[in-house]
Amino acid sequence: MKGNDTLLLHLFYTLLLFLGVRSSSSAGNGSNDVTNRKEVYIVYMGAADSTNASFRNDHAQVLNSVLRRNENALVRNYKHGFSGFAARLSKKEATSIAQKPGVVSVFPDPVLKLHTTRSWDFLKYQTQVKIDTKPNAVSKSSSVIGILDTGIWPEAASFSDKGMGPVPSRWKGTCMKSQDFYSSNCNRKLIGARYYADPNDSGDNTARDSNGHGTHVAGTAAGVMVTNASYYGVATGCAKGGSPESRLAVYRVCSNFGCRGSSILAAFDDAIADGVDVLSVSLGASTGFRPDLTSDPISLGAFHAMEHGILVVCSAGNDGPSSYTLVNDAPWILTVAASTIDRNFLSNIVLGDNKIIKGKAINLSPLSNSPKYPLIYGESAKANSTSLAEARQCHPNSLDGNKVKGKIVVCDDKNDKYSTRKKVATVKAVGGIGLVHITDQNEAIASNYGDFPATVISSKDGVTILQYINSTSNPVATILATTSVLDYKPAPLVPNFSSRGPSSLSSNILKPDIAAPGVNILAAWFGNDTSEVPKGRKPSLYRILSGTSMATPHVSGLACSVKRKNPTWSASAIKSAIMTSAIQNDNLKGPITTDSGLIATPYDYGAGAITTSEPLQPGLVYETNNVDYLNYLCYNGLNITMIKVISGTVPENFNCPKDSSSDLISSINYPSIAVNFTGKADAVVSRTVTNVDEEDETVYFPVVEAPSEVIVTLFPYNLEFTTSIKKQSYNITFRPKTSLKKDLFGSITWSNDKYMVRIPFVLTK
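Mapped onto mature numbering (1 follows the signal peptide of the UniProt record, and there is no 0), the consecutive letters of the sequence shown carry residue numbers -23 to -1, 1 to 742.
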């Protein structure tokens, strides 16, 4: 089961879980079956106490207080980075445990979903200033990137350890054995592999990837260079990851039934103890299922990873282009949107009058290059039992096989919910030999249709093809196999699927943080995938995928490279370096746009699109420290007692400010600014920057890009650094000229003669 089928299954199980929770919580008197039904709950107990070696006893004491004697309900413990456990409980038992001292939250085990080498070649040209990246300027320290996903195919060439040194002595991880995964499958590249059995699926106990998603993500993040990689000759070139020198540790948290929250928390817990430097998480909740901070497995795990100095990079989701659709938006997470690269995949149509219509798709069309195949409009092939509109859009059972057999079918897409893939299935079922889909949805993506000749054209080009069909009694055409087009313009742009801000957690934190290549990315695949294999071919060892899942490992790989160059930097310093060096222009030197042709805003791409050289030496960084995050919890309404249970790094004299409110979130030292102007005449926020350049003596001056509706002033006007002064703070005053009618965007850039350090801002009405 692959692709859309897997996604539908994930959504199905998420819906089942949601309905189960609703029915449990809404059950009235007389619903004992629902109240007593057992399901897996997560019991989160905050920070792990390093002085307490008896976590299991504590967990057992809490659990046994509500269970019958000798009942074995425990699923797993959390004990390294934080404390808690997962267990099979009834609604009544879960409610009782939630009242126990030391328990922060109890919530049903959610099912999250996956957010399913030209990209790096493209990125290296997206630079603004010349940076020294010679090998001797790079630290020899070895970074470890952890991948929470569907596992790994260890035999893939991308995970070869040829030329790599010994495994770092600090590494404490392991390679878990199973029936199809051995300790010998790990090497000096793949240094860790763990799996977490789904409580409801006993047959999935292995770190080996049977989905492909995890292998693809791992290869994109840290795969070594492999020459002549391609998908059946499409996208031929060198496949490599963002940090090929880094080590990999994989944590299989997803099964065929989705990604269990209890498994995700266990992986975070183990990764903290194992010693990873960066965690890459290409999965998350659906937009319609938005847990709060204390019942979100990714947010909780990432918080404790942050406390242990680990940068957590997460996908924003694939539910765009509507507003408020992104997930994984806690401030201690680096949230990644998707963008395109300068490569396109064309599958053109040649008409009988020799006109060529540009189509976009990945297919291995076996048709002749000569336009000799009959062409028919779906409307003209209407089955007796259906409407013209359904036939025109090639809905299931809408076409007459006698009229379609042996022909290429043109299908329209006006106000239609059916995907190209579903239309392909409809056409194939009645003997059609090809499909031309007229649509303006998700124009940035070239979807994969295997060896079936299917391609997608714009509505503008659709007019041309329909005019041709109507101009002759014998319309013919052919669909050409896919060719790769390089140096495609404009790029990058933000695809429609990429989830958008603002953050639903808080409008005072700008999300997403950054955008990275996530459209039609070639990377390693699992080796025994027999789905979508063209006739007479062997399974491909590479696959082309799109999604914020693919964008995320680009950023986590880059983060590992920054860590390797600057091994003493904090996670937030690395995050700042990536964000403040982002670009906002495409390869036509105009502003980055969206798939719809609109100029993109920070709600689409955060600080902008990543670059690969500047983050290694950014000049200044905005460090968000632990106290900033503790204040964030205060401003979000948590009390100090709860915060001290959650965090293991609360300073002795820390207390929540008496005037805590969500508006104060704007003041945490984040590398972007978001201010809510409801009921305010003006706003003042502050930021602190740290000089991380080798030059101690330098002065930075600001450039403010602000919309005409607001006056922005900075104090002081310049930032002077010396040998003894490494940090400088400044205030920003925002004063709207009139009440805001819409959200406004701008930026503040500090520069000297060497660096430009930019942060975006948004002012919300």
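Note that the Cβ used here is the ideal one computed from N, Cα and C, for glycine as well.
From a predicted model like this one, the values you see are computed outputs, not experimental measurements.
- By DSSP's assignment, H414 forms a beta bridge with C388 and V433.
- Between L303 and S476, the C-beta gap is smaller than 9 Å, which places the two residues in contact.
- Across the set S590, E132, I709 and S239, the C-alpha of E132 shows the shortest separation from the C-alpha of F158.
- If the five residues before and after Y173 are omitted, its C-beta is found closer than 6 Å to the C-beta atoms of V230, S240 and A243, all from its own chain and listed in chain order.
- Taken through DSSP and simplified to helix, strand or coil, S724 comes out as strand.
- For S461, the uninterrupted beta strand (DSSP E) segment begins and ends at T460 to L463.
- Shown here, Y707 sits in a strand according to DSSP, grouped into three states.
- Judged by pairs of C-beta atoms under 8 Å, the stretch 336 to 354 touches the stretch 414 to 431, as three or more such pairs exist.
- G478 is positioned such that its CB atom lies closer than 9 Å to that of P489.
- Using a Cβ distance threshold of 9 Å, L535 and I555 count as a contacting pair.
- Where L277 is concerned, the enclosing alpha helix (DSSP H) starts and stops at P274 to E284.
- With a cutoff of 9 Å on beta-carbon distance, S706 and T665 are scored as near each other.
- Within the same chain, and ignoring the five residues on either side of G439 in sequence, the residues whose Cβ sits closer than 6 Å to its Cβ are I415.
- Contact between E600 and S547 holds: their C-beta atoms lie close to 6 Å from each other, under 8 Å.
- The C-alpha of V433 lies about 8 Å from the C-alpha of T397.
- Only exposed fits A658, as fewer than 16 other CB atoms lie within 10 angstroms of its CB.
- Around the beta carbon of S135, 16 or more other beta carbons sit within 10 angstroms, so the residue counts as buried.
- Residue environment: G169 is assigned as buried (16 or more neighbouring CB atoms within 10 Å of its CB, all protein chains considered).
- Using a Cβ distance threshold of 9 Å, S324 and T459 count as a contacting pair.
- When rounded, the separation of the alpha-carbon atoms in F280 and Y647 is 15 Å.
- For I688, the enclosing beta strand (DSSP E) starts and ends at V687 to F692.
- Distance from the Cα of L470 is smallest, within the candidate group I385, N497 and L721, for N497.
- Classified as exposed, R45 has fewer than 16 neighbouring CB atoms from the shown chains inside 10 Å of its CB.
- For the pair N164 and S137, the Cα-to-Cα distance works out to about 8 Å.
- Around the beta carbon of E629, fewer than 16 other beta carbons lie within 10 angstroms, which makes this residue exposed.
- Put simply, the backbone Cα of D178 is about 15 Å away from that of A64.
- Beta-carbon to beta-carbon, G61 and I19 are separated by about 7 Å, close enough to satisfy the 8 Å threshold.
- As the crow flies, the alpha-carbon of L40 is around 42 Å from that of S553.
- Annotated three-state conformation of C291 is strand, per DSSP.
- Taken in chain order, the unbroken stretches of beta strand (DSSP E) that lie wholly in the stretch 124 to 173 and span 3 residues or more are 167 to 172.
- Between the beta-carbon of E682 and that of T715 there is about 20 Å, and that puts the pair past the 8 Å contact cut.
- Across the structure, P351 and T441 are spaced so that their CA atoms are roughly 17 Å apart.
- If you look at R398, you'll find it in the alpha helix (DSSP H) that goes T397 to A406.
- Within the same chain, Cβ atoms closer than 6 Å to the Cβ of G596 are found at D670, Y732 and V734, the five residues on either side in sequence being excluded.
- N331 carries a coil assignment under DSSP once its states are collapsed to helix, strand and coil.
- Taking each of L376, K391 and D390 in turn and checking the Cα distance to K405, the smallest one comes out for L376.
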